[in-house]
Amino acid sequence: MKRRKEAGNGAKYTNVVSVVAKGTKSGKTFLMEQLIGEFKKRGMKIAAVKHSVHLKGVDKEGKDTYKFAQKGADRIVLFSDNALMLYEFTPPEPDYLIDLAAKNMDLVLVEGYKEGPFRKIEVFNPSLYDTPLCAENPGGGFIAIVSRERIDAGLPWYSFDDVEGLCTFIEEHVIR
């Protein structure tokens, strides 16, 4: 996948879109699942990246990889015949993150990472919040908004029921 800097609308990367919301229980994961499923139906290779503010560790005490981390390994790669897991104990820069995730992919979908330099699709729940993020940060790279109810935020709006339409929008405006 090619990455081009300054893609416009506040974003620095092409072929990368971040699904963001003000908080939890907004529908981000549900939307990510729907997007991945639809893009896979279209024959695309998709990388899914999850940003977490509270990552406490994904390894289990007693496992070999846990022991390596406890002894100070800076990077641990766990692999088998059909999978690969990478543990890295330094905060990744966006360039490194995308280089890692984007190899041989058509699109990188990032869940979360509101402050990231990627184009953003906001998932908005008006029963939880009064104002969408895109209204509070108009230069933040927002390209669309998804909610159960129609909302006028100055961006293309999609319902959760129109994942096909949202995927077409992403293909036309993000994937190059």
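Residue numbers (this note's numbering): 208 to 383.
C-beta: ideal position from N, C-alpha, C; glycine also.
The model shown is predicted, which means the values in this text are computed figures rather than measured ones.
| Query | Result |
| --- | --- |
| Exposure of R326, with buried meaning 16 or more beta-carbon neighbours within 10 Å | buried |
| Helix, strand or coil at V260 according to DSSP, with G and I counted as helix | coil |
| Distance CB(N222)-CB(L314) smaller than 8 Å | yes |
| Proximity of I350 and I328 at Cβ, strictly below 8 Å | yes |
| For G372, the three-state DSSP class (helix, strand or coil) | helix |
| Cβ pair E300, P333 closer than 8 Å | no |
| Proximity of V226 and V330 at Cβ, strictly below 8 Å | yes |
| Sheet register partners of E318 (DSSP bridge) | V226, K257 |
| Span of the beta strand (DSSP E) around G294 | First, the amino acid is wrong: residue 294 is Tyr here, not Gly. Here the beta strand (DSSP E) through Y294 covers 291 to 295. |
| Buried versus exposed, by CB contacts within 10 Å (16 or more), Q241 | buried |
| Element boundaries [alpha helix (DSSP H), containing I309] | Checking the sequence, you will find Ala at residue 309 rather than Ile. Its alpha helix (DSSP H) spans residues 301 to 309. |
| Span separating the alpha-carbon of P324 from that of F275 | 33 Å |
| Three-state secondary structure assigned by DSSP to I377 | helix |
| Identified DSSP bridge partners for A342 | Its beta-bridge partners do not exist; DSSP assigns none. |
| Other residues of its chain near E371: CB distance less than 8 Å, five sequence neighbours each side excluded | E245 |
| Three-state secondary structure (DSSP) of F349 | strand |
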